[in-house]
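Okay, structure first, notes after.
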Amino acid sequence: MKPNGTGVLTRRRTRREWEEESLNPVLKKSPERMQEFTTLSGVPVERLATPENLEGWDPGEKLSLPGEYPFTRGPHPTMYRGRLWTMRQFSGFGTARDTNRRYRYLLDHGQTGLSVAFDMPTLMGLDSDDPRSEGEVGREGVAIDTLADMETLFHEIPLSSVSTSMTINAPAAVLLAMYLAVARKQGVPWPQVRGTIQNDILKEYIAQKEWIFPPRPSLRIIVDMIAFCTRQVPLWNTVSISGYHIREAGSTAAQELAFTLADGIGYVQACVEAGQNVDDFAPRLSFFFNAHSDFFEEIAKFRAARRIWAKVMRERFRAKDPRSWMLRTHAQTAGCSLTAQQPHNNIVRVALQALSAVLGGTQSLHTNSMDETLGLPTEKAVTIALRTQQILAEESGVASTIDPLGGSYFVESLTDTLEKEALSLIASIDRMGGIVAAIEQGFPQREIAEASFRYQQQLEREEKIMVGVNRYREGTDARIDVLKIPATVEPTQIRHLKQVRKRRNPIAHRNALEELLRCAKAGENLMPAMVNAVEAYASVGEICTTLKAPFGEYREEKTYF
Amino acid sequence: MPMNPSTGARLRLLVGKVGLDGHDRGAKIIARALRDAGFEVIYTGLHQTPEMVVATALQEDVDAVSLSILSGAHNTLFPRVIELLKKAGVAVPVFGGGIIPEEDIPRLRKAGVKAVFTPGTSTQEVIDWVKTHIRPRNEATPSRSPRPQSAARRGTARGRKTPRR
Chain A
0 MKPNGTGVLT RRRTRREWEE ESLNPVLKKS PERMQEFTTL SGVPVERLAT PENLEGWDPG
60 EKLSLPGEYP FTRGPHPTMY RGRLWTMRQF SGFGTARDTN RRYRYLLDHG QTGLSVAFDM
120 PTLMGLDSDD PRSEGEVGRE GVAIDTLADM ETLFHEIPLS SVSTSMTINA PAAVLLAMYL
180 AVARKQGVPW PQVRGTIQND ILKEYIAQKE WIFPPRPSLR IIVDMIAFCT RQVPLWNTVS
240 ISGYHIREAG STAAQELAFT LADGIGYVQA CVEAGQNVDD FAPRLSFFFN AHSDFFEEIA
300 KFRAARRIWA KVMRERFRAK DPRSWMLRTH AQTAGCSLTA QQPHNNIVRV ALQALSAVLG
360 GTQSLHTNSM DETLGLPTEK AVTIALRTQQ ILAEESGVAS TIDPLGGSYF VESLTDTLEK
420 EALSLIASID RMGGIVAAIE QGFPQREIAE ASFRYQQQLE REEKIMVGVN RYREGTDARI
480 DVLKIPATVE PTQIRHLKQV RKRRNPIAHR NALEELLRCA KAGENLMPAM VNAVEAYASV
540 GEICTTLKAP FGEYREEKTY F
Chain B
0 MPMNPSTGAR LRLLVGKVGL DGHDRGAKII ARALRDAGFE VIYTGLHQTP EMVVATALQE
60 DVDAVSLSIL SGAHNTLFPR VIELLKKAGV AVPVFGGGII PEEDIPRLRK AGVKAVFTPG
120 TSTQEVIDWV KTHIRPRNEA TPSRSPRPQS AARRGTARGR KTPRR
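Taken in order, these protein sequences are the chains called A and B.
Position 124, counted from 1, in the first sequence is what numbering that gives the first Met the number 0 calls 123; the numbers after and before it change by one each time, with no gaps.
Position 103, counted from 1, in the second sequence is what numbering that gives the first Met the number 0 calls 102; the numbers after and before it change by one each time, with no gaps.
Right, here's the structure in full:
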């Protein structure tokens with residue numbers, strides 16, 4: 000017998016008794032707001048999680064301790080008590096000179112890492128003067144055509160003391176080669192060069208759709224890059240395996256988990272098949288997940304991701320080094336959750352999403368700016384986004400203890416549910432012959448299109464709510480400032496490119512491209528020839544065109560619906 | 000089901016994705032919703048130039064072209080598609096949507112864009128608009144009737160890269 004709130008002694012009841020005696024009479028009188036409660040991704044949510052949800056659940060196996068296999072509670076023993084997550088805001092716009100000025104400003108104000116956003120033509124391996132680049136040069140990131148632009152981008156920025164993250168995929172090998180060439184010019188030995196390149200081509204076919212070559216030759220380039228970096232640039236994070244874009248394309252949380260981890264499995268498998276030792280390269284693989292709006296589902300997703308990856312690496316690939324088992328991740332708040340309507344509300348969305356990433360145990364975080372549905376962010380909006388992280392880190396107290404939701408009946412059972420759903424999707428992909436075969440059959444693409452259509456219907460039926468969009472609408476929305484890219488950027492960039500083409504040594508340039516082509520055809524590691532080609536000032540477009548000959552081009556065909 | 004009254008053929012719509020960005024979530028949702036509403040829909044696939052979109056519009060003999068643009072290049076891409084259609088001598092109405100600031104809409108309307116749908120528009124609003132505003136373009140064209148409805152039409156043109164539904 001225990002005293003209840005009123006001081007009266009009552010017998011402790013079972014859940015069943017509670018349902019019959021207390022809950023059902025209330026439900027009869029006033030039903031709940033909805034017949035069925037689900038997460039944003041459609042996972043059913045119970046009224047109440049109790050110890051019964053975790054029957055047979057072994058905390059030693061499922062949770063363990065921070066820094067210990069399977070890392071559910073986090074990859075490090077001290078987590079944010081030791082070091083806060085890295086607040087890494089992604090930026091880039093206009094010409095290399097414009098962006099270099101912004102980077103030096105950021106470094107002068109205490110930032111230690113850079114994160115480069117490239118423009119669309121660079122992401123697609125096109126030069127700024129390509130007809131398809133018209134109107135897109137420097138608009139959504141910085142325009143890079145040749146090593147000369149990269150030299151300008153990192154002018155007076157010592158590559159020995161900054162770590163740089165580069166968000167680029169299809170032409171990643173070219174940009175990494177340029178970065179290494181800049182390091183060499185600065186006299187920085189490659190073993191000291193630190194940074195990350197996204198280099199995750201598989202998710203491009205699945206979600207982001209910035210591709211050049213078909214999947215198999217693309218995967219070969221990545222295997223070459225990983226082998227090269229393992230030997231020569233050992234501190235470089237070779238692939239940032241990304242679920243972010245998969246989620247933005249409309250996937251559920253479980254699909255984001257499954258397809259991202261399946262991509263990871265695809266890279267590890269390809270490297271192992273090429274004869275690399277798993278523990279030599281796996282510690283340098285990192286991840287990048289979305290932090291979406293369903294608070295607990297996101298926390299559960301991060302925790303489940305670490306547990307699945309640890310098991311995959313240890314059991315499937317027989318990795319021995321604990322660093323190979325450990326999933327380290329970057330997170331970014333969900334761009335697709337932001338609304339053009341009542342844009343100031345986005346500040347609140349971002350704060351909640353960022354909190355979920357932190358409670359999920361992310362290693363670094365980008366918070367979106369409130370104006371990003373409308374264009375590149377203004378300085379003021381970026382500052383609010385950064386301050387949001389600082390408030391979480393230094394005011395809220397959430398960084399003082401490790402995995403504070405560990406052991407919550409609800410969060411643990413949701414973590415288990417997401418793990419189970421993701422594992423079942425990964426098993427389907429395995430049955431198809433792996434992720435490359437699954438992509439070729441259009442499986443992840445189809446699953447995501449289904450999920451995004453389902454969500455759109457739920458919005459239209461008001462089963463899911465977006466404040467300001469399908470509920471609490473206002474006639475007119477607040478006007479906010481948007482960053483405008485000056486019209487002079489494109490002609491300036493094209494002029495630079497033409498000058499470089501005129502200035503470079505034409506024989507060295509031609510020989511370098513021929514050597515690259517030879518390596519591509521002979522199946523030799525592409526990276527030494529790639530560095531040689533960028534040092535001869537071959538452009539991104541010229542290099543990609545050269546490689547299209549042996550590798551072919553990937554194109555999306557028209558579809559009859 | 001929206002029919003062409005004289006031939007009994009369904010309205011045929013092209014959903015086009017112009018520019019280098021890969022944001023096809025909206026285009027695919029619209030294509031699917033229009034199909035479910037009974038229209039015949041052809042989706043161009045990603046990374047199309049205005050020339051490619053117009054070539055497909057002519058080849059597929061569509062009744063309207065809709066463009067999805069999220070790259071910020073709407074002010075150049077919409078007028079160019081309209082101009083190329085005009086040059087080709089066909090009067091196909093063009094409408095579209097994407098991330099398009101309110102202040103750009105009057106200019107696009109003036110350039111001949113029949114309707115501009117911004118984020119937050121429901122698929123039903125688009126369907127209703129198409130039903131009231133799009134008419135069979137050229138009922139006399141013999142190639143349009145009867146239209147082939149083979150299995151190949153329902154899937155990918157060559158079935159190589161794009162997912163089949």
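Every residue, glycine too, gets a C-beta built ideally from N, C-alpha and C.
The structure presented is a predicted model; accordingly, all values stated were derived computationally and were not measured.
**Same chain, Cβ closer than 7 Å to Arg15 (chain A), five either side skipped, listed in chain order** = In the first sequence, the residue the question calls residue 15 (chain A) occupies position 16. Same-chain partners within the cutoff: there are none.
**Item:** Inter-residue Cα distance where the pair is Met78 (chain A) and Phe442 (chain A)
**Value:** Locating residue 78 (chain A) in the first sequence gives position 79, where the first residue counts as 1. Locating residue 442 (chain A) in the first sequence gives position 443, where the first residue counts as 1. Cα to Cα, the separation comes out at about 37 Å.
**Asked** Name the chain B residues that come within less than 7 Å of Ile218 (chain A), Cβ to Cβ?
**Response** Translated into positions along the first sequence, residue 218 (chain A) becomes position 219. In the sequence as displayed, the identity of residue 218 (chain A) is Leu instead of Ile. In chain order: nothing, as chain B lies at least about 16 Å away.
**Item:** Val466 (chain A) to Thr338 (chain A) span [Cα, whole Å]
**Value:** The residue you call residue 466 (chain A) lines up with position 467 of the first sequence. The residue you call residue 338 (chain A) lines up with position 339 of the first sequence. If you take the alpha carbons of Val466 (chain A) and Thr338 (chain A), they lie about 9 Å apart.
**Proximal chain A residues relative to Lys27 (chain B), where beta-carbon distance stays under 8 Å** = Reading the second sequence from its first residue, position 28 is the one you call residue 27 (chain B). Residues of chain A passing the Cβ test: Ala448, Ser451, Phe452.
**Item:** Test: Thr43 (chain B) CB closer than 8 Å to a CB of chain A
**Value:** Taking the second sequence and counting its residues from 1, one reaches residue 43 (chain B) at position 44. So, interface residue.
**Asked** So the alpha helix (DSSP H) Glu297 (chain A) belongs to, where does it begin and stop?
**Response** The residue labelled residue 297 (chain A) in the question sits at position 298 within the first sequence. Start and end: 294 to 310.
**Message:** I'd like to check one pair, His244 (chain A) with Lys184 (chain A): are the Cβ atoms closer than 8 Å?
**Reply:** Position 185 of the first sequence, counting from 1, holds the residue named residue 184 (chain A). Position 245 of the first sequence, counting from 1, holds the residue named residue 244 (chain A). Not a contact, by the Cβ cut-off of 8 Å.
**Message:** So, with DSSP's three-state summary, where would you put Val17 (chain B)?
**Reply:** Numbered from its first residue, the second sequence carries residue 17 (chain B) at position 18. Val17 (chain B) falls in the strand class under three-state DSSP.
**Prompt:** In three-state DSSP terms, what is Lys202 (chain A)?
**Reply:** Locating residue 202 (chain A) in the first sequence gives position 203, where the first residue counts as 1. Helix, per DSSP.
**Request:** Using only alpha-carbon positions, find the residue among B:Ala63, B:Asp20, B:Glu82, B:Val89 that is nearest to His46 (chain B).
**Result:** Here residue 46 (chain B) corresponds to residue number 47 of the second sequence, with the count starting at 1. Nearest of B:Ala63, B:Asp20, B:Glu82, B:Val89 to His46 (chain B), Cα basis: B:Asp20.
**Asked** Which residues in the same chain have their Cβ closer than 6 Å to the Cβ of Lys463 (chain A), if we skip the five residues on either side of it in sequence?
**Response** Taking the first sequence and counting its residues from 1, one reaches residue 463 (chain A) at position 464. So the list reads Gln457, once near-sequence residues are dropped.
**Request:** Report the option in A:Thr111, A:Thr71, A:Asp480, A:Gly274 whose CA atom is closest to the CA atom of Thr577 (chain A).
**Result:** As shown, chain A starts at 0 and ends at 560. That puts residue 577 (chain A) outside it, with no answer to give.
**Prompt:** Nearest-angstrom Cα distance between Gly265 (chain A) and Asp199 (chain A)?
**Reply:** As a first step, residue 265 (chain A) is located in the first sequence; it is residue number 266 there, counting from the start. As a first step, residue 199 (chain A) is located in the first sequence; it is residue number 200 there, counting from the start. Using only the alpha carbons, I get a separation of about 11 Å.
**Asked** Do you know offhand how far Pro190 (chain A)'s Cα is from Asn236 (chain A)'s?
**Response** Indexing the first sequence from 1 puts residue 190 (chain A) at position 191. Indexing the first sequence from 1 puts residue 236 (chain A) at position 237. Near 12 Å, if we compare the C-alpha coordinates of Asn236 (chain A) and Pro190 (chain A).
**Item:** Span of the beta strand (DSSP E), counted from its first residue to its last, around Met165 (chain A)
**Value:** Taking the first sequence and counting its residues from 1, one reaches residue 165 (chain A) at position 166. Start and end: 162 to 166.
**Asked** Run through DSSP, which three-state label would Ile428 (chain A) get?
**Response** Taking the first sequence and counting its residues from 1, one reaches residue 428 (chain A) at position 429. Note: Ile428 (chain A) maps to helix in three-state DSSP.
**Request:** For the alpha helix (DSSP H) containing Leu66 (chain B), list its first residue and its last residue.
**Result:** On the second sequence, residue 66 (chain B) is found 67 positions in, with the first residue counted as 1. It is not in any alpha helix (DSSP H) - Leu66 (chain B) instead sits in the beta strand (DSSP E) that spans 63 to 68.
**Identity of the residue in B:Leu10, B:Met51, B:Arg31 nearest Glu445 (chain A) by Cα** = Stepping through the first sequence from its first residue, residue 445 (chain A) is reached at position 446. Here the sequence assigns Arg to residue 445 (chain A), which means Glu is not the residue at that position. The candidate whose alpha carbon is nearest that of Arg445 (chain A) is B:Arg31.
**Request:** Would you please verify whether the beta carbon of Ala165 (chain B) is less than 8 Å from any beta carbon of chain A?
**Result:** Nothing can be reported for residue 165 (chain B): it is not among the residues displayed for chain B, which extend from 0 to 164.
**Request:** Anything in chain B within Cβ reach of Gly134 (chain A), meaning under 7 Å, just list it in chain order.
**Result:** Counted from its first residue, the first sequence places residue 134 (chain A) at position 135. Within chain B, the residues near Gly134 (chain A) are Ala72, Thr75.
**Message:** Quick check: is the beta carbon of Pro118 (chain B) nearer than 8 Å to any beta carbon in chain A?
**Reply:** Stepping through the second sequence from its first residue, residue 118 (chain B) is reached at position 119. Yes, because at least one Cβ of chain A sits closer than 8 Å to the Cβ of Pro118 (chain B).
**Prompt:** In terms of residues, what are the limits of the alpha helix (DSSP H) holding Ser217 (chain A)?
**Reply:** Counting from one through the first sequence, the residue named residue 217 (chain A) turns up at place 218. Its alpha helix (DSSP H) spans residues 214 to 231.
**Prompt:** Contact check, Glu541 (chain A) vs Ala528 (chain A) under 8 Å by CB: the rounded distance?
**Reply:** On the first sequence, position 542 is the one that residue 541 (chain A) refers to. On the first sequence, position 529 is the one that residue 528 (chain A) refers to. Glu541 (chain A) to Ala528 (chain A), Cβ: 13 Å. No contact.
**Message:** Below 9 Å on C-beta distance, what does Pro100 (chain B) contact in chain A?
**Reply:** The count along the second sequence starts at 1 and reaches residue 100 (chain B) at position 101. Within chain A, the residues near Pro100 (chain B) are Ala339, Leu373, Gly374, Val481.
**Request:** For my contact list, Gly124 (chain A) and Thr94 (chain A) are in at a C-beta cut-off of 8 Å; report their separation, rounded to the angstrom.
**Result:** In the first sequence, residue 124 (chain A) corresponds to position 125, counting from 1. In the first sequence, residue 94 (chain A) corresponds to position 95, counting from 1. With 8 Å as the limit, Gly124 (chain A) and Thr94 (chain A) do not qualify as a contact, their Cβ atoms being about 19 Å apart.
**Contacts that Arg34 (chain B) makes with chain A (C-beta to C-beta distance below 7 Å)** = On the second sequence, position 35 is the one that residue 34 (chain B) refers to. Ordered by position in chain A, the residues that pass the 7 Å Cβ test against Arg34 (chain B) are Phe560.
**Asked** Going along chain B, which residues have a C-beta under 9 Å from Arg138 (chain A)?
**Response** For the purposes of this step, residue 138 (chain A) is identified with residue 139 of the first sequence, where counting begins at 1. Ser70, Gly71, Ala72, listed in chain order.
**Contained alpha helix (DSSP H) runs [length at least 4] in the region 513 to 559 of chain A, N- to C-terminal order** = 526 to 534, 539 to 550
**Asked** When burial is assigned at 16 or more other CB atoms within 10 Å of the CB, is Met33 (chain A) buried or exposed?
**Response** Working through the first sequence from its first residue, we reach residue 33 (chain A) at position 34. When all chains shown are included, Met33 (chain A) counts as exposed.
**Prompt:** Closest Cβ-Cβ distance between Asp120 (chain A) and chain B: below 8 Å?
**Reply:** In the first sequence, residue 120 (chain A) corresponds to position 121, counting from 1. For the sequence presented, residue 120 (chain A) should be read as Pro rather than Asp. So, interface residue.
**Message:** Applying the 10 Å Cβ sphere with the 16-neighbour rule, what's the burial state of Ser399 (chain A)?
**Reply:** Here the question's residue 399 (chain A) lines up with position 400 in the first sequence. Label assigned to Ser399 (chain A): exposed.
**Asked** Apart from the five residues on each side of it in sequence, which residues of its chain come closer than 8 Å, Cβ to Cβ, to Glu439 (chain A)?
**Response** One-based indexing of the first sequence puts residue 439 (chain A) at position 440. The answer, listed in chain order, is Pro214.
**Message:** Less than 8 Å between the C-beta atoms of Glu59 (chain B) and Leu13 (chain B), yes or no?
**Reply:** The residue you call residue 59 (chain B) lines up with position 60 of the second sequence. The residue you call residue 13 (chain B) lines up with position 14 of the second sequence. Yes; because the gap between Cβ atoms is below 8 Å, this pair is in contact.
**Request:** List in chain order: all unbroken beta strand (DSSP E) runs of 3+ residues lying wholly within the region 47 to 122 of chain B.
**Result:** 63 to 68, 93 to 97, 112 to 116
**Item:** Inter-residue CB distance, Val309 (chain A) and Pro69 (chain A) (contact presumed, cutoff 8 Å)
**Value:** For the purposes of this step, residue 309 (chain A) is taken as the residue at position 310 of the first sequence. For the purposes of this step, residue 69 (chain A) is taken as the residue at position 70 of the first sequence. The sequence given here has Ala at residue 309 (chain A), not Val. Their Cβ separation, rounded to whole angstroms, is 4 Å, which keeps Ala309 (chain A) and Pro69 (chain A) in contact under 8 Å.
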